[in-house]
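Note sheet for the following structure.
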Amino acid sequence: MMKPNMHYADLKDSYLFRRIARKTDAYLERHPGTHLYRLGIGDVTLPLPDAVIRALHEAVEDQADPARFHGYMPECGAPFLRETIAAHYRKRGIGLKDSEVFVSSGASDELGDILDLFDRSCSALVIEPAYPAYVDANVMAGREIIHLPAGPWNGFLPEPCEEAKADILYICSPNNPTGAVFSWEQLGRWVDFANRNGSVILFDAAYEAFIEEDALPRSIFEIEGAETCAIEICSLSKTAGFTGTRLGYTVIPEALVREGMRLHDMWVRNRTTKTNGISYILQKGGAAVFTDEGQAQVRANIRRYKANAQTLMRALDHCGIRYYGGKNAPYIWLQCPDGMGSWAFFDYLLEKIQVVGTPGEGFGSCGEGFFRFSTFGSAEDTEEAARRLEKLLK
Ligand code: MLT
Numbered sequence: 003m004m005k006p007n008m009h010y011a012d013l014k015d016s017y018l019f020r021r022i023a024r025k026t027d028a029y030l031e032r033h034p035g036t037h038l039y040r041l042g043i044g045d046v047t048l049p050l051p052d053a054v055i056r057a058l059h060e061a062v063e064d065q066a067d068p069a070r071f072h073g074y075m076p077e078c079g080a081p082f083l084r085e086t087i088a089a090h091y092r093k094r095g096i097g098l099k100d101s102e103v104f105v106s107s108g109a110s111d112e113l114g115d116i117l118d119l120f121d122r123s124c125s126a127l128v129i130e131p132a133y134p135a136y137v138d139a140n141v142m143a144g145r146e147i148i149h150l151p152a153g154p155w156n157g158f159l160p161e162p163c164e165e166a167k168a169d170i171l172y173i174c175s176p177n178n179p180t181g182a183v184f185s186w187e188q189l190g191r192w193v194d195f196a197n198r199n200g201s202v203i204l205f206d207a208a209y210e211a212f213i214e215e216d217a218l219p220r221s222i223f224e225i226e227g228a229e230t231c232a233i234e235i236c237s238l239s240k241t242a243g244f245t246g247t248r249l250g251y252t253v254i255p256e257a258l259v260r261e262g263m264r265l266h267d268m269w270v271r272n273r274t275t276k277t278n279g280i281s282y283i284l285q286k287g288g289a290a291v292f293t294d295e296g297q298a299q300v301r302a303n304i305r306r307y308k309a310n311a312q313t314l315m316r317a318l319d320h321c322g323i324r325y326y327g328g329k330n331a332p333y334i335w336l337q338c339p340d341g342m343g344s345w346a347f348f349d350y351l352l353e354k355i356q357v358v359g360t361p362g363e364g365f366g367s368c369g370e371g372f373f374r375f376s377t378f379g380s381a382e383d384t385e386e387a388a389r390r391l392e393k394l395l396k
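Residue numbers (my numbering): 3 to 396.
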């Protein structure tokens, strides 16, 4: 008899965002035709930048021309895109080789796939509250997970400590869900800790484009010593609106070696075995993000999401509700009012004002009593949601 992976039995009954979708679907079944103000999952609402759309169209035309047609793409990424991304890092003072950049189908896919590099006996440190896929992907692999609590007492940015010793260290900065960002000094201490203990940091930089303050690091590779202990996973989903289009990139320095194995070379071996590359059309669209025109359009879209953040933060201020984030990240992390539980608050907002957020408990037990709003909704929906929140909670 085939033995299934029994670790799946250790997972929670459903993934956070599926549970939310089930609840909202059930609400809509009971109240057909109702408009919901969706500030739950961090899904973008603005279309792709014009520069990207134009590049995608041109790439489609290439595929119609026998002289410009592309079949299989190189598994680790098209040279033109790897070069573009490495040059983008170099502009920020980070010296990368083109070959250290791997093109991916997005950060969430990559965060799961990259675990192939680690033995099943490796332990994983998750700073909680955390993006739930970190935990679930490791539960599926049967790994030991160490939960390091974060909260208002440490600014949601815990320091390395004896209990945090693990083989794989997840760090997400700007953080999903709390919006907190590690400083240079704080990240420096995590890098030293990882190098000292032979750990590997999986640095989730999906939200780096939202950092406003120049004094904060956007990449782990701005930190000295990171090239011997870190992998950076990045995405164009939130930066440039690729949530449905799917494109991201991962940086694995050649200097990252454990037990004589170069993780970079292992990943080349993995990708050349398990993928046939990302489509030419998407990679052409992705390259347009890094042109001057693309960057200007990306920044304009991010400004519009930041205006949503201001709208929501103003409403929360008027209601006297304590919150975090919103400045250097597209998420606002608030304390549920009157000591309400986070799922109870979810139901309350859905039933009373048709606003959908994300219950903090979905990001781990440290998130209980908190709630997350995404700022990726449309301006109209966000403004109406803010009005309704004020009316209900003031
Ligand atoms: C979130 O809402 O936390 C993210 O959108 C989920 C994701 O990126 O997969």
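All C-beta atoms, glycine included, are put in the ideal place defined by N, C-alpha and C.
Cβ neighbours of Ile233 in the same chain (closer than 6 Å, five flanking residues each side left out)
The answer, listed in chain order, is Leu204 and Ile254.
For Cys78, list the residues DSSP reports as bridge partners.
Paired residues: none, contrary to the question.
So, helix, strand or coil for Gln337, using DSSP?
Reduced to three states, the DSSP call for Gln337 is strand.
Pairwise C-alpha distance: Lys167 and Pro151
Approximately 14 Å between the Cα atoms of the pair.
How is Ile233 classed by DSSP in three states: helix, strand or coil?
Looking at Ile233 - three-state DSSP - the assignment turns out to be strand.
Below 6 Å, is the gap between the Cβ of Ile43 and the nearest heavy atom of the ligand MLT?
Yes - the ligand MLT has a heavy atom lying nearer than 6 Å to the Cβ of Ile43.
Check the DSSP bridge columns for Phe223 and list the partner residues they point to.
Answer is none; Phe223 lacks a bridge partner.
Assuming Pro485 is part of the alpha helix (DSSP H), what are its boundary residues?
Because the chain in this structure spans residues 3 to 396, residue 485 falls outside the shown range and cannot be described.
Three-state secondary structure (DSSP) at Ser376?
The DSSP-derived three-state label of Ser376 is strand.
Name the residue from Phe348, Glu112 and Ala242 whose alpha carbon lies nearest to the alpha carbon of Tyr307.
Considering only Phe348, Glu112 and Ala242, the residue with the shortest C-alpha distance to Tyr307 is Ala242.
Grouping DSSP H, G and I as helix and E and B as strand, with all else coil, what is Ala126?
Strand, per DSSP.
Three-pair Cβ contact test at 8 Å for the region 23 to 37 versus the region 219 to 238
No, the region 23 to 37 does not touch the region 219 to 238.
Can you check DSSP and say which residues form a bridge with Ser106?
DSSP output for Ser106 lists Gly250 as bridge partner(s).
Flag Ser110 as yes when its Cβ comes closer than 6 Å to any non-hydrogen atom of the ligand MLT, and as no otherwise.
For the ligand MLT, at least one heavy atom lies less than 6 Å from the Cβ of Ser110.
Within the same chain, show all residues whose beta-carbon is closer than 7 Å to that of Phe104, passing over the 5 residues directly before and after it, in chain order.
By the criterion of a C-beta distance shorter than 7 Å, Phe104 is surrounded in its chain by Cys78, Gly79, Tyr251, Thr252, Ile254, Trp269 and Arg273, once the five residues flanking it on both sides are discounted.
Would a C-beta distance cut-off of 7 Å place Gln337 and Arg324 closer than the cut-off?
Closer than 7 Å, so yes.
I'd like the span of the alpha helix (DSSP H) that includes Val193, first residue to last.
For Val193, the enclosing alpha helix (DSSP H) stretches over residues Trp186 to Asn199.
Examine the Cβ distances between the region 158 to 167 and the region 207 to 223 and report whether three or more of them are shorter than 8 Å.
No, because fewer than three Cβ pairs between the region 158 to 167 and the region 207 to 223 fall closer than 8 Å, the two stretches do not touch.
Between Asn178 and the ligand MLT, is the CB less than 6 Å from at least one heavy atom?
Result yes, Cβ under 6 Å from the ligand MLT.
Answer with buried or exposed for Tyr133, where buried requires no fewer than 16 other C-beta atoms within 10 angstroms of its C-beta.
Buried, because 16 or more other Cβ atoms sit within 10 Å of the Cβ of Tyr133.
CB contact flag (Val357, Ala387, <7 Å):
Yes.
Rounded straight-line distance, which links the Cα of Ile96 to that of Phe223
Using only the alpha carbons, I get a separation of about 7 Å.
Going by Cα to Cα distance, which pick from Ala89, Arg32, Gly246 and Ile129 is closest to Thr293?
That would be Ala89, whose Cα lies nearest to the Cα of Thr293.
CB contact check: Glu85 to chain B, cutoff 7 Å
Looking at the structure shown, chain B is missing, and only one protein chain is on hand.
Going by Cα to Cα distance, which pick from Pro176, Leu58 and Lys14 is closest to Ala331?
Just measuring C-alpha positions, the residue of Pro176, Leu58 and Lys14 sitting nearest Ala331 is Pro176.
Give me, in chain order, the residues of the same chain whose beta-carbon lies closer than 7 Å to that of Glu112; leave out the 5 immediate sequence neighbours on both sides.
Taking C-beta separations shorter than 7 Å and ignoring five residues to either side along the sequence, the partners of Glu112 in its chain run Ser106, Ile235, Gly250 and Thr252, following chain order.
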